[in-house]
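**Student:** Please find one structure pasted underneath; my questions will follow.
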Amino acid sequence: MLAMLAGLKNPIMNGLLLGGLYGIVGIGMSMIFGIVRVVNLAHGDLVILAAYLSFVTLSIFKVSPLLSLVLVIPAMFLIGFIIQYYLVNRVLGKDMNPPLLVAFGLSIILQNLLLLIFTPDARALVTNLSIATLRIGNFVNIPVVYLVDFIVSLATIFLLSRFFTKTYLGKAIRAASDDEGAAELMGINAKRIYAWAMAIAGGTAAIAGVLVGMTFTFYPHTGPDYLIIAFGVVIIGGLGSLLGTFLGGLILGLAQILGAHFLGPGFQLISGYVILLVVLAFKPTGLFSKG
Amino acid sequence: MANSILRVEQIDVHYGDFHALWDVSLVVEEAQVVSIIGANGAGKSTLLNTIAGVKKPSHGTVQFKGNRINGIPPYQAVVEGISMVPEGRRVFPRLTVLENLEIGSYTTKARKRKKEALKKIYELFPVLEERKDQLSITLSGGEQQMLAIGRALMSWPQLILLDEISLGLAPVVIKQIYQKIKQINAEGITALLVEQDIKRSLKAAHKVYIMQSGRISLEGRPESLSQEEIRKAYFGLSDLNVKSEAERDV
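For the record, the sequence lines run as chains A and B. Each residue of the first sequence is one higher than the last, beginning at 2 in this note's numbering. Each residue of the second sequence is one higher than the last, beginning at 268 in this note's numbering.
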């Protein structure tokens with residue numbers, strides 16, 4: 002029994018760390034769903050776009066992928082703002098379908114644009130972190146890149162939650178998501194606020210993209226894989242809190258790695274989705290949603 | 268003539284095919300309290316929403332301090348100096364009381380005087396200071412109404428629009444809130460309020476407008492209007508043209 006538990010140390014640790022990465026992948030989508038009430042089907046592609054932007058940056062400046070964020074975050078911020086202000090805002094209304102279709106179209110365009118520019122070859126953001134392993138005690142081996150993913154994700158979520166509670170813009174975003182009409186009566190231009198929210202979601206996609214690129218290889222068509230992960234995180238964690246989304250990520254990561262540990266690597270993805278179905282069946286609003 | 272701060276001239280407002288306001292004109296003098304009364308669906312809220320920029324008139328003009336403001340969005344109207352307490356209070360439920368007030372001072376101009384405004388509002392409604400860190404959804408109805416009024420005052424408005432502020436509140440609370448409106452008005456803030464409660468409105472206002480089926484049916488100083496006149500204007504007993512389409516409150 003004790004030996005079995007000891008054997009679980011590694012998968013549990015890896016699952017949690019991978020979950021941190023999933024959390025940051027899902028956070029942007031959760032934000033937009035909660036604030037603008039749009040399912041951003043292009044979120045995964047934005048993550049991959051950010052990975053490619055980092056790839057280009059690294060081919061010009063030979064720096065660490067994490068340092069490329071200095072350029073990639075502002076670029077994705079701008080892209081997010083433009084997407085919302087000039088595309089999605091035009092079709093916002095009572096009907097949820099037009100924004101969904103716009104996001105779907107954007108997803109297809111992004112994938113094919115990336116295919117055109119970068120060819121279908123596999124890419125990765127090369128860093129010496131990728132091969133390093135941290136050994137704690139006798140049993141636990143942690144891939145350093147997973148640890149970096151986790152710490153960066155946690156730090157991002159901490160900063161985001163500070164932003165939402167401490168700044169005027171953050172409070173205005175929350176107010177507009179509570180009651181758009183009342184927010185406008187207070188002097189808030191809701192459409193502009195939504196564009197800021199998408200810009201911030203773009204910024205989180207930038208961080209997610211760089212971390213994903215450091216950890217795994219990516220192709221122009223990898224976006225939808227991360228969209229599904231983001232969906233999973235949002236469904237498990239529920240809307241309403243940043244921390245909930247992060248915990249949703251941890252649960253999904255843990256489920257995948259433990260599934261792979263017990264049932265074999267082929268079961269990694271499906272065990273994550275089984276947890277997803279269980280949550281949908283018993284608490285469809287998500288485990289950590291408020292109300 | 269005293270200075271008129273708000274001048275609504277012959278406006279028509281539509282909701283799709285529904286003609287909600289017909290040739291409505293209204294003048295509000297500076298630093299006065301003006302009431303609009305009328306039954307459900309008479310068009311009172313539509314009129315307030317049009318002044319606040321939520322609805323756009325299809326015909327006619329809205330002038331504020333001499334400037335034409337119809338067609339500007341509500342978030343611009345706030346910058347101009349018009350603040351609205353919407354029907355049903357509509358405080359931000361997932362924000363704390365203090366955060367709700369802070370959102371009230373969102374405009375650049377108001378932000379600079381946030382502390383001063385907060386102090387004044389806490390003096391006016393001490394209960395808001397006691398509960399400043401609570402989520403606004405945990406407040407009682409009366410407290411939420413005070414928060415909605417306080418939030419509207421945070422932008423330093425010159426004209427405050429109050430839509431059905433007594434709705435669903437206990438009489439003792441209503442009385443208290445109307446006393447506060449008097450205090451606010453004493454500071455020089457013009458108030459335009461919409462009410463269903465005739466008695467309360469007549470008592471509070473310098474001037475009343477009575478609406479019926481999307482039209483102004485009577486206007487004047489409360490003391491100059493007879494009960495008979497008011498009843499007719501309110502219920503439209505002598506008016507055979509009352510359309511059933513106007514029964515709905517939109």
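Backbone N, C-alpha and C fix where the C-beta goes; we use that ideal spot for every residue, glycine too.
1. Would you give the residue range spanned by the beta strand (DSSP E) that residue 281(B) belongs to?
2. Hey, residue 348(B) and residue 425(B): beta-carbon distance below 8 angstroms or not?
3. I'd like the span of the alpha helix (DSSP H) that includes residue 222(B), first residue to last.
4. Which residues in the same chain have their Cβ closer than 6 angstroms to the Cβ of residue 317(B), if we skip the five residues on either side of it in sequence?
5. DSSP puts residue 222(A) in a beta bridge; with which residues?
6. Is there a Cβ from chain B that is less than 8 angstroms from the Cβ of residue 277(A)?
7. Answer with buried or exposed for residue 273(A), where buried requires no fewer than 16 other C-beta atoms within 10 angstroms of its C-beta.
8. Have a look at residue 13(A) and residue 260(A) and give me their C-alpha separation to the nearest angstrom.
9. How would you write the range of the alpha helix (DSSP H) that residue 364(B) sits in, first residue to last?
10. Any idea which residues DSSP pairs residue 142(A) with across the strands?
11. Expressed to the nearest angstrom, what Euclidean distance is found between the alpha-carbon atoms of residue 190(A) and residue 21(A)?
12. Across the region 300-315 of chain B and the region 464-483 of chain B, are there enough close Cβ pairs to call them in contact, namely three or more that are closer than 8 angstroms?
13. Quick check: is the beta carbon of residue 179(A) nearer than 8 angstroms to any beta carbon in chain B?
14. Answer yes or no: the CB of residue 242(A) versus the heavy atoms of the ligand NAP, is any distance below 7 angstroms?
15. For the candidate residues 361(B), 382(B), 411(B), whose alpha-carbon lies nearest to that of residue 369(B)?
16. Just to make sure I have the definition right: I need the residues of chain B whose C-beta is within less than 8 angstroms of the C-beta of residue 189(A). Which are they?
17. Whose CA, out of 200(A), 125(A), 283(A), lies closest to the CA of residue 223(A)?
18. May I ask you to list, following chain order, the residues of the region 349-360 of chain B that have a beta carbon less than 7 angstroms from some beta carbon of chain A?
19. Run through DSSP, which three-state label would residue 217(A) get?
20. For residue 199(A) and residue 391(B), I'd like the C-alpha separation in whole angstroms.
21. Counting C-beta neighbours from all protein chains within 10 Å, is the total for residue 19(A) 16 or more, i.e. buried, or is it exposed?
22. Quick check on DSSP: helix, strand or coil for residue 328(B)?
23. What residues in the region 29-56 of chain A have a beta carbon less than 9 angstroms from any beta carbon of chain B?
24. Pick from 89(A), 171(A), 214(A): whose alpha carbon is nearest that of residue 103(A)?
25. Would residue 302(B) pass as a contact of residue 462(B) if the rule is Cβ separation under 8 angstroms?
26. At a Cβ threshold of 8 angstroms, is residue 380(B) touching chain A?
27. Could you please tell me which residues of the region 307-331 of chain B, in chain order, have their CB closer than 9 angstroms to any CB of chain A?
28. At what residues does the beta strand (DSSP E) containing residue 312(B) begin and finish?
29. Just the chain A side, please: which residues come within less than 9 angstroms of residue 362(B) by C-beta, in chain order?
30. Looking at residue 131(A): is its Cβ nearer than 8 angstroms to the Cβ of residue 215(A)?
31. Determine the extent of the alpha helix (DSSP H) in which residue 106(A) is found, giving its start and end residues.
32. Which of the residues in the region 464-493 of chain B, read from start to end, lie with their CB under 9 angstroms from any CB of chain A?
33. Report the three-state DSSP secondary structure of residue 128(A) (helix, strand or coil).
34. Is the number of C-beta pairs between the region 394-405 of chain B and the region 355-364 of chain B that are closer than 8 angstroms three or more?
35. So, with DSSP's three-state summary, where would you put residue 487(B)?
36. Using a C-beta to C-beta distance shorter than 8 angstroms, which residues of chain B count as neighbours of residue 169(A)?
**Tutor:** On the basis of the supplied data:
1. Here the question's residue 281(B) lines up with position 14 in the second sequence. Start and end: 271-282.
2. Residue numbering aside, residue 348(B) sits at position 81 when the second sequence is read from its first letter. Residue numbering aside, residue 425(B) sits at position 158 when the second sequence is read from its first letter. Taking 8 angstroms as the Cβ cut-off, residue 348(B) and residue 425(B) qualify as a contacting pair.
3. Since the displayed chain B opens at 268 and closes at 517, residue 222(B) lies outside it and no answer follows.
4. Stepping through the second sequence from its first residue, residue 317(B) is reached at position 50. Taken in chain order, the residues that qualify are 280, 324.
5. The residue given as residue 222(A) occupies position 221 in the first sequence. According to DSSP, residue 222(A) bridges with nothing at all.
6. Against the first sequence, residue 277(A) aligns to sequence position 276. So, not an interface residue.
7. Position 272 of the first sequence, counting from 1, holds the residue named residue 273(A). The residue is buried, with at least 16 neighbouring Cβ atoms inside 10 Å.
8. For the purposes of this step, residue 13(A) is identified with residue 12 of the first sequence, where counting begins at 1. For the purposes of this step, residue 260(A) is identified with residue 259 of the first sequence, where counting begins at 1. Using only the alpha carbons, I get a separation of about 11 angstroms.
9. Position 97 of the second sequence holds residue 364(B). Residues 364-371.
10. If you number the first sequence from 1, residue 142(A) lands on position 141. Answer is 136(A), bridged to residue 142(A).
11. Within the first sequence, residue 190(A) is the residue found at index 189, counting from 1. Within the first sequence, residue 21(A) is the residue found at index 20, counting from 1. For residue 190(A) and residue 21(A), the distance between alpha carbons rounds to 34 angstroms.
12. yes
13. Within the first sequence, the letter at position 178 stands for residue 179(A). Closer than 8 angstroms to some Cβ of chain B, the Cβ of residue 179(A) qualifies, so yes.
14. With respect to the ligand NAP, the structure offers nothing, as it holds no ligand at all.
15. Your numbering for residue 369(B) matches position 102 in the second sequence. Cα-wise, what sits closest to residue 369(B) is 382(B).
16. As a working mapping, residue 189(A) is identified with position 188 in the first sequence. Simply 342, 370, 373.
17. Translated into the one-based positions of the first sequence, residue 223(A) becomes position 222. It is 125(A) whose Cα lies nearest to the Cα of residue 223(A).
18. 351, 353, 357, 359, 360
19. For the purposes of this step, residue 217(A) is taken as residue 216 along the first sequence, with counting starting at 1. Reduced to three states, the DSSP call for residue 217(A) is coil.
20. The residue labelled residue 199(A) in the question sits at position 198 within the first sequence. The residue labelled residue 391(B) in the question sits at position 124 within the second sequence. Each residue's Cα considered, the two are about 38 angstroms apart.
21. Translated into the one-based positions of the first sequence, residue 19(A) becomes position 18. So residue 19(A) ends up on the buried side.
22. Here residue 328(B) refers to the residue found at position 61 when the second sequence is read from its first residue. In this structure, residue 328(B) counts as strand in the three-state DSSP scheme.
23. none
24. The residue given as residue 103(A) occupies position 102 in the first sequence. Ranking the options by Cα distance to residue 103(A), first place goes to 89(A).
25. By 1-based counting over the second sequence, the position of residue 302(B) is 35. By 1-based counting over the second sequence, the position of residue 462(B) is 195. In this structure, residue 462(B) lies closer than 8 angstroms to residue 302(B) by Cβ.
26. Against the second sequence, residue 380(B) aligns to sequence position 113. By this cut-off, residue 380(B) is not an interface position.
27. 319, 320, 321
28. As a position in the second sequence, residue 312(B) is number 45, starting the count at 1. Note, residue 312(B): premise wrong, no beta strand (DSSP E); alpha helix (DSSP H) at 311-319.
29. In the second sequence, the residue the question calls residue 362(B) occupies position 95. Going along chain A in sequence order, the residues near residue 362(B) (Cβ under 9 angstroms) are 172, 175, 176, 179.
30. Locating residue 131(A) in the first sequence gives position 130, counting from the first residue. Locating residue 215(A) in the first sequence gives position 214, counting from the first residue. Closer than 8 angstroms, so yes.
31. In the first sequence, residue 106(A) corresponds to position 105, counting from 1. 98-119 is the span of the alpha helix (DSSP H), which, as asked, contains residue 106(A).
32. none
33. Sequence index remark: in the first sequence, residue 128(A) carries index 127 (1-based). Coil, per DSSP.
34. yes
35. Position 220 of the second sequence, counted from the start, is the residue given in the question as residue 487(B). In the structure shown, residue 487(B) sits in a strand (DSSP, three-state: E or B).
36. Locating residue 169(A) in the first sequence gives position 168, counting from the first residue. The contacting residues are 369, 373, 378.
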